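> Residue numbers (the working numbering), protein chains in the order written: chain V, 3 to 194; chain D, 7 to 219.
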C-alpha cells in the first residue's frame, strides 16, 4: 500500500493536523472535554491520519531511513503504534487526557507518531504482516465499540453514558472503514 | 553474501527493537493502571485506598435543621459512615443510589447496627440545596434520622475541594441535571477508608462493620 501525495494534499494534511491539535487547545478544548465521541472518534483518528500523511513529506523520511535497519518491514513501527493505540483505548487514559494537560499533550504527540509509523510500515511490509496488525486492531475496536454500546456502566468519569454509547457506534464504524479501505487497496494491488 | 549478512543483522535488530517496545509498552501499561488493576478511573479510586486511607479536608456542612458541623465530626461517637454524593433535584442515577441507600438503611435497622454505621448523603449542589431542600429530600427518600441524614456544604466555594478530595467528577447533563460517578464511600473520622461500587453495597456494609470495630 503506497501513500502518495498530490499537489493539494499538503494543505489538506496541514489542515487535518491543525483541526486535530486545535481540539486540544482552548477554546475548542470544550468539545473533547464534553464528548467522548469527539475525542475518540474524531480527534484521535484525525491525529493518526495526520501522522500517516506526514509520510508524503520528504523530511520525516530522513529520520525513517536513519532507523531503517531497526525497522525491517516496518515491524518495529507497527508494534510501537499498536502499543500507543491500545493505551489510548483505556478509559482511564481518556479521563486523564481530559483532566491532565500533560497527558493530553502526550496523547497528541504519540497519536501523530503512531500514524506516521503505520504509514511508513504500510509502505514496506508484506500484506500478511499488515493483515496481522490491522486485523488485530480492527477486531479490538469492534469489541470495544460493542462493549460501549451494550454496557450500562459509565467507564469514563469525564463522559456521560450517552456519549459512551455513541462512541461505541463510532468505533464500530471506524473499524469497518479501516478494514474495507485496507482490503480494497490490497485486492486492487493483487488484481494488477 | 555480504548483503544477506546485513539483511539478517537488520532483521535481528528489528526483532530486538520490537521486543524492547513490547516490554516498555507493558511497563507503561502496568505503571499507569495500578499494576493492571485499574482500567477505569473508578477502579483506580478503589484500589488506591487499599494502600492507604485518604485524609478528608476540613469542610463545614449543614443539615436539614440548619445545624452546622464539620464533615469529620459527623462520624463521631465511634460510628463509621457510608457516604454518597447527590443533588436533591436528581432524577437519574441518584434514584438508584437512593434505593441502594434505602436497602442499606433497612439492613442496618434489621441488624441493629445504627450505633455502629451511619448513612450520609452530601449534596454537591449547595446553590440549590439549602436546609429546606435537604428536608424535602429526607422526607422523599424516607430517611430515618437516627441512621441516614442529608447534608449540604455551608460554603458553596468549598464545592470543588469536596469533589476533589473524594474523587467525584460532576458533568452537566441535559435538562439542568448532572451526571456523576456514584459510589459508596466508607468514612471514619477524617479518613476515607474504602470505596465500593453501588453493586457491592452488601460488601460495603460488611467492611464498614469490620472497620468500625
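Yeah, the Cβ is synthetic: ideal placement off N, Cα and C, and Gly gets one too. Because the structure is a prediction, the values reported are computed rather than measured.
So with CB distances below 7 Å, who are the chain V contacts of residue 19 of chain D?
The residue given as residue 19 of chain D occupies position 13 in the second chain. Under the 7 Å cutoff, chain V gives 71 and 72.
> Can you find the residues in the same chain that come closer than 7 Å, C-beta to C-beta, to residue 43 of chain V, ignoring five residues on each side of it along the sequence?
For the purposes of this step, residue 43 of chain V is taken as the residue at position 41 of the first chain. Answer for residue 43 of chain V: 169, 172, 173 and 176, listed in chain order.
> Please report the Cβ distance between residue 220 of chain D and residue 200 of chain D, rounded to the nearest whole angstrom; I am assuming they are in contact, meaning their Cβ atoms lie under 8 Å.
Since the displayed chain D opens at 7 and closes at 219, residue 220 of chain D lies outside it and no answer follows.
> Cβ of residue 27 of chain D less than 8 Å from any chain V Cβ?
Sequence index remark: in the second chain, residue 27 of chain D carries index 21 (1-based). Residue 27 of chain D counts as touching chain V.
> Ordered along the chain, which non-local residues of its own chain (more than five positions away) have a Cβ less than 6 Å from that of residue 7 of chain D?
Counting from 1 along the second chain, the entry for residue 7 of chain D is found at position 1. Bear in mind that a pLDDT of 44 at residue 7 of chain D, under 50, signals an unreliable position, so the model cannot answer this.
> Shortest alpha-carbon distance to residue 105 of chain D belongs to which of D:193, D:70, D:146 and D:216?
The count along the second chain starts at 1 and reaches residue 105 of chain D at position 99. Looking at the Cα atoms, D:146 is the closest of the given residues.
> In the DSSP assignment, the alpha helix (DSSP H) including residue 51 of chain D goes from what residue to what residue?
Within the second chain, numbered from 1, the residue matching residue 51 of chain D stands at position 45. Residue 51 of chain D -> alpha helix (DSSP H) spans 47–57.
> Let me make sure I understand the geometry here. Which of D:68, D:219, D:181 and D:174 has the alpha-carbon closest to that of residue 203 of chain D?
Along the second chain, one-based indexing puts residue 203 of chain D at 197. Comparing Cα positions, the closest option is D:174.
> Buried or exposed: residue 10 of chain D, going by 16 or more other Cβ atoms within 10 Å of its Cβ?
Within the second chain, residue 10 of chain D is the residue found at index 4, counting from 1. When all chains shown are included, residue 10 of chain D counts as exposed.
> Any beta-carbon of chain D closer than 8 Å to the one on residue 85 of chain V?
Along the first chain, read from residue 1 onward, the residue named residue 85 of chain V stands at position 83. Yes, contact with chain D.
> Distance cutoff 8 Å, beta carbons only. Does residue 7 of chain D sit that close to anything in chain V?
Taking the first residue of the second chain as 1, we reach residue 7 of chain D at position 1. Model confidence at residue 7 of chain D stands at a pLDDT of 44, short of 50, so the residue's coordinates are unreliable; what they give is reported in the following sentence. So no, residue 7 of chain D is outside the interface.
> So, at 6 Å on beta carbons, what are the nonlocal neighbours of residue 157 of chain D in its own chain, with the 5 sequence-adjacent residues on each side left out?
As a first step, residue 157 of chain D is located in the second chain; it is residue number 151 there, counting from the start. Hits under 6 Å: 67, 69 and 128.
> Please state the DSSP three-state secondary structure of residue 162 of chain D.
Residue mapping note: residue 162 of chain D aligns to position 156 of the second chain, counting from 1. Residue 162 of chain D: helix per DSSP, three-state reduction.
> Taking only three categories from DSSP, how would you classify residue 90 of chain V?
If you number the first chain from 1, residue 90 of chain V lands on position 88. Residue state, collapsed to three classes: coil.
> Taking only beta-carbon positions, decide if residue 78 of chain V is within less than 8 Å of chain C.
Absence of chain C from the displayed structure is noted, the protein chains being V and D.
> Do you know how far the Cα of residue 19 of chain V is from the Cα of residue 48 of chain V?
In the first chain, counting from the first residue as 1, residue 48 of chain V sits at position 46. In the first chain, counting from the first residue as 1, residue 19 of chain V sits at position 17. Cα-Cα distance, rounded: 7 Å.
> Using a Cβ-Cβ cut-off of less than 9 Å, give me the residues of the region 149–163 of chain V that come near chain D, in sequence order.
Those residues of the region 149–163 of chain V that come within reach of chain D (Cβ to Cβ, closer than 9 Å) are 155, 156, 157, 158, 159, 160, 161, 162 and 163.
> Terminal residues of the continuous beta strand (DSSP E) containing residue 198 of chain D?
Indexing the second chain from 1 puts residue 198 of chain D at position 192. Per DSSP, residue 198 of chain D belongs to the beta strand (DSSP E) from 197–202.
> Can you give the Cα-Cα distance for residue 111 of chain D and residue 137 of chain V, rounded to whole angstroms?
In the second chain, the residue the question calls residue 111 of chain D occupies position 105. In the first chain, the residue the question calls residue 137 of chain V occupies position 135. Roughly 51 Å between the two C-alpha positions.
> Is the shortest distance between the beta-carbon of residue 138 of chain V and the beta-carbons of chain D less than 8 Å?
Numbered from 1 along the first chain, position 136 holds the residue referred to as residue 138 of chain V. No, residue 138 of chain V lies away from the interface with chain D (no Cβ there is under 8 Å from its Cβ).
> Counting only runs that start and end within the region 104–160 of chain D, where is the beta strand (DSSP E) found for 3 or more residues in a row?
Whole beta strand (DSSP E) segments, 3+ residues: 123–129 and 154–159.
> Let me make sure I understand the geometry here. Which of D:197, D:40 and D:191 has the alpha-carbon closest to that of residue 211 of chain D?
Residue mapping note: residue 211 of chain D aligns to position 205 of the second chain, counting from 1. Comparing Cα positions, the closest option is D:191.
> Within the 8 Å Cβ cut-off, does residue 2 of chain V reach chain D?
For residue 2 of chain V there is no data in the structure shown, the boundaries of chain V being 3 and 194.
> Please list the residues of the region 87–105 of chain D that have a C-beta atom closer than 8 Å to any C-beta atom in chain V, keeping them in chain order.
If the cut-off is 8 Å between Cβ atoms, the region 87–105 of chain D has nothing near chain V.
> Determine, using beta carbons only, whether residue 89 of chain V comes closer than 8 Å to chain D.
Taking the first residue of the first chain as position 1, residue 89 of chain V is located at position 87. Closer than 8 Å: yes.
> Suppose contacts are defined by Cβ-Cβ distances below 8 Å. Is residue 122 of chain D in contact with residue 218 of chain D by that definition?
For the purposes of this step, residue 122 of chain D is taken as residue 116 along the second chain, with counting starting at 1. For the purposes of this step, residue 218 of chain D is taken as residue 212 along the second chain, with counting starting at 1. Yes, they are a contact pair.
> Take the Cβ of residue 138 of chain D as the centre, count every other Cβ of all protein chains shown within 10 Å, and call the residue buried at 16 or more, exposed below.
What you label residue 138 of chain D is simply residue 132 of the second chain in a count that begins at 1. It counts as exposed.
> Quick one: using the 10 Å Cβ neighbour count with 16 as the cut-off for buried, is residue 12 of chain V buried or exposed?
Against the first chain, residue 12 of chain V aligns to sequence position 10. Its Cβ having fewer than 16 others within 10 Å, residue 12 of chain V is exposed.
> Jot down the residue ranges of each uninterrupted alpha helix (DSSP H) in the region 62–145 of chain V, minimum 4 residues, whole runs only, in chain order.
List check, alpha helix (DSSP H) in window: 77–89, 93–101 and 103–126.
> Going by the beta-carbon positions, is the gap between residue 164 of chain D and residue 65 of chain D smaller than 8 Å?
For the purposes of this step, residue 164 of chain D is taken as the residue at position 158 of the second chain. For the purposes of this step, residue 65 of chain D is taken as the residue at position 59 of the second chain. Yes, the pair counts as a contact, with Cβ atoms nearer than the cut-off.
> When the cut-off is 8 Å and only beta carbons count, does residue 113 of chain V lie next to chain D?
Taking the first residue of the first chain as 1, we reach residue 113 of chain V at position 111. It does not: the Cβ of residue 113 of chain V has no partner Cβ on chain D nearer than 8 Å.
> For residue 31 of chain D, return the contacting residues in chain V, with the cut-off set at a CB-CB distance below 7 Å.
Translated into positions along the second chain, residue 31 of chain D becomes position 25. In chain order: 85.
> On a CA-only basis, which of D:116, D:28 and D:194 is nearest residue 150 of chain D? Give me that one, please.
Position 144 of the second chain, counting from 1, holds the residue named residue 150 of chain D. If we check each option's Cα against that of residue 150 of chain D, D:116 comes out closest.
> Does the contact criterion of 3 or more C-beta pairs under 8 Å hold for the region 11–19 of chain D versus the region 160–169 of chain V?
Touching, no, given that fewer than three Cβ pairs across the two stretches are closer than 8 Å.
> I believe residue 90 of chain V touches residue 113 of chain V by the beta-carbon criterion, under 8 Å. Please report the beta-carbon distance rounded to the nearest angstrom.
Numbered from its first residue, the first chain carries residue 90 of chain V at position 88. Numbered from its first residue, the first chain carries residue 113 of chain V at position 111. Right, their Cβ atoms sit about 7 Å apart.
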